[in-house]
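Colleague: Pasting a structure below so you can have a look.
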Amino acid sequence: MAPVVLDKINKVYENGFHAVRDLSIDVADGEFLVLVGPSGCGKSTALRMVAGLEDISTGDLLIGGRRVNDVDPQGRDIAMVFQSYALYPHMSVRDNIAYGLKLRKMPKDLIEQRISKAAEMLELTPLLDRKPKQLSGGQRQRVAMGRSIVREPQVFLMDEPLSNLDAKLRVQMRAEISAVVRSLNTTTLYVTHDQTEAMTMGDRMAVMKAGILQQLGTPSECYDTPVNVFVAQFVGSPPMNLVMGEIVDGPDGLAVRKGHALMKIPDATVSARPALKSYAGKKVVVGVRSEDMEDANLARDPDPTRRLKGKVTLTEALGSEIVVHFTFPGEKVDTADTKLMEKESGGGEVHVGPELGVTWVASFAPRSRVRMGDDIEIAVDVERAHFFDPDTSQAIWT
Amino acid sequence: MSVDTSASATAEAKEAKIKVEKMPFGRWMRVVGWRHIVAIIMVIWALFPVLYVINLAFSGGNTLTAACPPDRTGLAALLCLVPNNLSLDNFTAVLTSTQWPFAIWFRNTVILATLNSSLALLMGACAAFAFSRLRFKGRRMGLLTLMLVQMFPAVLALTAIFILLQSIGNVFPPFGLRSIWGLLLVYLGGALGVNTFLMKGYFDTIPVDIDESARIDGAGHVKIFFGLIMRLALPILVVVFFVSFTSTFNELPMAQQILPDPDNTTLAVGLRSLVADPLRQQWGLMAAGGLMAAIPLLVVFAFTQRSLTTGLTAGAVKG
Chain A
0 MAPVVLDKIN
10 KVYENGFHAV
20 RDLSIDVADG
30 EFLVLVGPSG
40 CGKSTALRMV
50 AGLEDISTGD
60 LLIGGRRVND
70 VDPQGRDIAM
80 VFQSYALYPH
90 MSVRDNIAYG
100 LKLRKMPKDL
110 IEQRISKAAE
120 MLELTPLLDR
130 KPKQLSGGQR
140 QRVAMGRSIV
150 REPQVFLMDE
160 PLSNLDAKLR
170 VQMRAEISAV
180 VRSLNTTTLY
190 VTHDQTEAMT
200 MGDRMAVMKA
210 GILQQLGTPS
220 ECYDTPVNVF
230 VAQFVGSPPM
240 NLVMGEIVDG
250 PDGLAVRKGH
260 ALMKIPDATV
270 SARPALKSYA
280 GKKVVVGVRS
290 EDMEDANLAR
300 DPDPTRRLKG
310 KVTLTEALGS
320 EIVVHFTFPG
330 EKVDTADTKL
340 MEKESGGGEV
350 HVGPELGVTW
360 VASFAPRSRV
370 RMGDDIEIAV
380 DVERAHFFDP
390 DTSQAIWT
Chain B
0 MSVDTSASAT
10 AEAKEAKIKV
20 EKMPFGRWMR
30 VVGWRHIVAI
40 IMVIWALFPV
50 LYVINLAFSG
60 GNTLTAACPP
70 DRTGLAALLC
80 LVPNNLSLDN
90 FTAVLTSTQW
100 PFAIWFRNTV
110 ILATLNSSLA
120 LLMGACAAFA
130 FSRLRFKGRR
140 MGLLTLMLVQ
150 MFPAVLALTA
160 IFILLQSIGN
170 VFPPFGLRSI
180 WGLLLVYLGG
190 ALGVNTFLMK
200 GYFDTIPVDI
210 DESARIDGAG
220 HVKIFFGLIM
230 RLALPILVVV
240 FFVSFTSTFN
250 ELPMAQQILP
260 DPDNTTLAVG
270 LRSLVADPLR
280 QQWGLMAAGG
290 LMAAIPLLVV
300 FAFTQRSLTT
310 GLTAGAVKG
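Protein chains in written order, with numbering that gives the first Met the number 0: chain A, 0 to 397; chain B, 0 to 318.
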């Protein structure tokens, strides 16, 4: 148990590739911090630098108040769970778990004690004499965790441990890992590319892109108040819907024009984001999450100005909700970030029918009767809309 | 509609077994039969010389045609492959001969082969570990160059090696010419090459995560190498040992030059010398000696057989 401090950590490879830029994170003692971001953003590199498997180019790394830049991995008192579990195939589960302890020349009975405690916690007791190839994926996962737990380190490091599991097992193991780690109250750094894992497991999230830390905050902070377009679209599934809008200074306050619709910006939003006033007459990026929109027929908000008129291109009935893809006239947002998000999700939007301008995804209540090809009206909760500067992609606040 | 699962129903089902239609002979021949024919021909081709040697060794005679006189033709010629009067004369002659010290040849060859294989294995494994796991300048080119240079047979450098050994012998006689340790040095010189390439390919298939996990657990390079990597790479180690052992056993040109004296030479050179003199070729003795010389190879093969099949293809795939 110890706080971990990354102070302006940089990693530059020999060929000049700058993988991690000025990363500064303060992880409190016992905190579960998740490093999340798309592939290649430098999160695994950062974790490996904390582990000591990669050299730190510049910057300071402190574990438990001690500067450990030049300390070997075994001297840092850390334990790591790898994506591929890295179990030793020729040893039994018991020997796998005991390996690190035997290397440190611990007395035999103490080793046995720790193994049985960890095995009980992870329900591995009947499997202790099996070899890794006789175990299922979830069981191997637990052995890898067991190996880290018995070392009783100051910091747990986990590098995408759930990536190799199937979807259902992943959900189950997510809860198990959370429970185990919290019961041990050890500082944990967890790397994943899955933002759902990050949201559900972490005390705080560090969203990274191209080696640069975008936002460090609790999951709710990252979800409700993203600092830029990238975080806004990365956190949350389906991604936040974006459109170019124009701020209009009207007779009763600011309004935003999205395509054909002109919606008044609520006073609460204007007081929370006073900088919006300086954008009057200028273009901004407007973001609305899919759950902040509903079928106008079922809407509780009767205000006719808060409506978008569009055509349904696709519906996906999930039982608990209906995901509706619709298109409406508006200007598409085309920045480097949105292109990156498209690439991450594997290609662009699926188009069924003509595209009127912009395609959004809304999440309707299951009672809604919309069907593909319908002309619909969507009620937008403007209070929860997000605004970003089109040039800097930063959220507009003060 | 209920499913009738009573005992009578299942009994009937068993009786009305489906009769598998046999393939018509013509089709069978085209699809399966011809492979048997090819196999039989190849087996005869491969085994015939071996049978001849066995026959010759046990026949008691000392000429090539001792077991099978040329006046026999046709089926009789084939039948003479089966020895009709077994005699161990050739074996006893080889073993008790004072002029041809078979025991010394046997001892030398086994020592050379075992030492060469073990040391080449160790050196090759260390080199392969470095090439596979460590990152250093000249890594990629180095491996390729090493392999290409060692593909040239050592015989090409025979004169140079001869002179080298002579000079070494002046300084340190046990390692010079006419000594098996000198020959061992020569063999070890060619040890790295293909062995390293094969082993590096296999080491590459062992995930680096295991190394890193052991590092974090507190293992140093030595523990990781001997405790983990070598254990996991056992199949390829066995292959390299076996290939090395066999090639050392059968090696002739270098051994002939460095150990020319029949009183202290290897099996290959010694058995060759039995038939070297065109006026006194003792084929019977050579056949018997050759059969006995094959015993160590059979022993090594028996121990390594299972690992060979997995190891042979494993190392070859990832380069």
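Idealized CB from N, CA, C, for every residue including glycine.
What does the Cβ neighbour count give for His259(A), buried or exposed, with the cut at 16 atoms within 10 Å?
Modeller: exposed
Colleague: Using alpha carbons as the reference points, say which of Arg93(A), Asp69(A), Glu53(A) lies closest to Ala143(A).
Modeller: Each of Arg93(A), Asp69(A), Glu53(A) was checked against the Cα of Ala143(A), and the nearest Cα belongs to Arg93(A).
Colleague: Since Val283(A) and Pro218(A) should fall inside the 8 Å C-beta cutoff, what is the C-beta to C-beta distance between them, to a whole number of angstroms?
Modeller: That pair is no contact at about 26 Å.
Colleague: Quick one: what's His385(A) bridged to in DSSP?
Modeller: Its beta-bridge partners are Gly286(A).
Colleague: Express the C-alpha separation of Asp336(A) and Asn227(A) in angstroms, rounding to a whole number.
Modeller: 10 Å
Colleague: Do you know how far the Cα of Thr334(A) is from the Cα of Gly314(B)?
Modeller: Unreliable positioning characterises Gly314(B) in this predicted model, as indicated by a pLDDT of 44, which lies under 50. The coordinate reading is nonetheless provided below. Gly314(B) and Thr334(A) have their alpha carbons spaced roughly 48 Å apart.
Colleague: In whole angstroms, what separates the C-alpha of Asp59(A) from that of Leu22(A)?
Modeller: Looking at the two C-alpha atoms, the distance is approximately 10 Å.
Colleague: Can you give me the C-alpha to C-alpha distance between Val316(B) and Ser131(B), rounded to a whole angstrom?
Modeller: Any answer about Val316(B) is weak, because its pLDDT of 38 lies below 50 and its placement is not dependable; what the coordinates show is given next. In a straight line, the C-alpha of Val316(B) is about 15 Å away from that of Ser131(B).
Colleague: Can you tell me whether DSSP reads Trp359(A) as helix, strand or coil?
Modeller: The DSSP-derived three-state label of Trp359(A) is strand.
Colleague: Name the chain A residues whose beta carbon is nearer than 9 Å to that of Gly137(B)?
Modeller: Within chain A, no C-beta atom comes less than 9 Å from the C-beta of Gly137(B); the nearest is roughly 14 Å away.
Colleague: Can you look up Gly64(A) in the DSSP assignment and give me helix, strand or coil?
Modeller: coil
Colleague: Give the residues of chain B in contact with Met79(A), contact being defined as C-beta atoms less than 8 Å apart.
Modeller: Glu211, Ser212, Ile215
Colleague: What separation, rounded to the nearest whole angstrom, lies between the Cα atoms of Ile8(A) and Ser243(B)?
Modeller: 50 Å
Colleague: On the DSSP letters alone, give me the boundaries of the beta strand (DSSP E) that His324(A) sits inside.
Modeller: 321-327
Colleague: Using a threshold of 8 Å, state whether the C-beta atoms of Ser56(A) and Val11(A) are closer than that.
Modeller: For Ser56(A) and Val11(A), yes; Cβs fall inside 8 Å.
Colleague: Leaving out five residues before and five after Asp373(A) in sequence, what residues of the same chain have Cβ atoms less than 6 Å from its Cβ?
Modeller: Val311
Colleague: What residues in its chain sit with their C-beta under 6 Å from that of Leu355(A), if we drop five residues either side in the sequence?
Modeller: Thr326, Phe327, Pro328
Colleague: If we define contact as Cβ-Cβ less than 8 Å, is Leu231(B) a contact residue for chain A?
Modeller: yes
Colleague: Any beta carbon from chain A within less than 8 Å of Ala218(B)'s own beta carbon?
Modeller: Ala218(B) has a beta carbon lying within less than 8 Å of a beta carbon in chain A.
Colleague: Roughly how many whole angstroms lie between the Cα atoms of Ser135(A) and Thr204(B)?
Modeller: 21 Å
Colleague: Between Ala174(A), Gly318(A), Met198(A), which has its C-alpha nearest Leu32(A)'s C-alpha?
Modeller: It is Met198(A) whose Cα lies nearest to the Cα of Leu32(A).
Colleague: Please decide whether Arg366(A) counts as near chain B, where near means a Cβ-Cβ distance under 8 Å.
Modeller: no
Colleague: Output, in chain order, the set of chain A residues within a Cβ distance shorter than 8 Å of Pro206(B).
Modeller: In chain order: Ser83, Ala85.
Colleague: Using a C-beta to C-beta distance shorter than 7 Å, which residues of chain B count as neighbours of Arg103(A)?
Modeller: Gly217
Colleague: Within 8 Å of any Cβ in chain B, is that where the Cβ of Pro225(A) sits?
Modeller: no
Colleague: Between Ala205(A) and Leu52(A), is the Cβ-Cβ spacing less than 8 Å?
Modeller: Not closer than 8 Å, so no.
Colleague: Could you say which of Asp76(A), Leu123(A), Ile321(A), Asp54(A) lies nearest to Asp69(A) if we only look at CA atoms?
Modeller: If we check each option's Cα against that of Asp69(A), Asp54(A) comes out closest.
Colleague: Beta-carbon within less than 7 Å of Leu145(B)'s beta-carbon, same chain only, minus the 5 sequence neighbours each way: which residues are those?
Modeller: Leu191, Gly192, Thr195
Colleague: If we define contact as Cβ-Cβ less than 8 Å, is Gly314(B) a contact residue for chain A?
Modeller: For Gly314(B), the predicted model reports a pLDDT of 44, less than 50, meaning its position is unreliable; a value from the coordinates is still stated below. No, Gly314(B) does not count as interfacial toward chain A.
Colleague: What does the Cβ neighbour count give for Pro301(A), buried or exposed, with the cut at 16 atoms within 10 Å?
Modeller: Burial call: exposed.
Colleague: By DSSP's criteria, Arg203(A) is part of a beta bridge. Which residues make up the other side?
Modeller: Leu32(A)
Colleague: Give me the Cβ distance between Asn115(B) and Leu187(B), rounded to the nearest whole Å; I'm assuming they're in contact under 8 Å.
Modeller: 7 Å
Colleague: Mind listing the chain A neighbours of Leu227(B)? Cutoff is C-beta to C-beta under 7 Å, in chain order.
Modeller: Tyr87
Colleague: Use the C-beta contact count for Arg279(B): other C-beta atoms within 10 angstroms, 16 or more gives buried, fewer gives exposed.
Modeller: exposed
Colleague: Taking Gln133(A) as the query, report the chain B residues whose CB atoms sit under 9 Å from its CB, ordered along the chain.
Modeller: Near Gln133(A) there are no residues of chain B at all, since even the closest Cβ is about 17 Å away, more than 9 Å.
Colleague: DSSP on Glu315(A), reduced to helix/strand/coil?
Modeller: strand
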